[in-house]
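Take the sequence shown: its position 21, counting from 1, is numbered 83 in our numbering, and each next residue is one higher.
Glycine residues also receive a C-beta, built at the ideal position from the N, C-alpha and C atoms.
Computed from a predicted structure; not experimentally measured.
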Amino acid sequence: MYFDSFSEFLNMGGHGLYVWLAYGLTILLLVINFILPIRHKRKLQQEQARKLRREQQSQ
């Protein structure tokens, strides 16, 4: 598809809102699916370290 100007490219023949919204939501979901497992892993590691410290202190 050929566009004469950048604004025509952004408008996408009147469908720009839907096209860019779909791209934005897709990128947002990909970022969320990347970040949440990392945060969950970090939280689990912190809990395990805290549990290990408690066990070592009680011995």
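What residue range does the alpha helix (DSSP H) around residue i cover?
| i | result |
| --- | --- |
| tyrosine 80 | 78-120 |
| serine 69 | 68-73 |
In its own chain, which residues sit with a C-beta less than 7 Å from the C-beta of residue i, not counting the 5 before and 5 after it?
| i | result |
| --- | --- |
| asparagine 73 | none |
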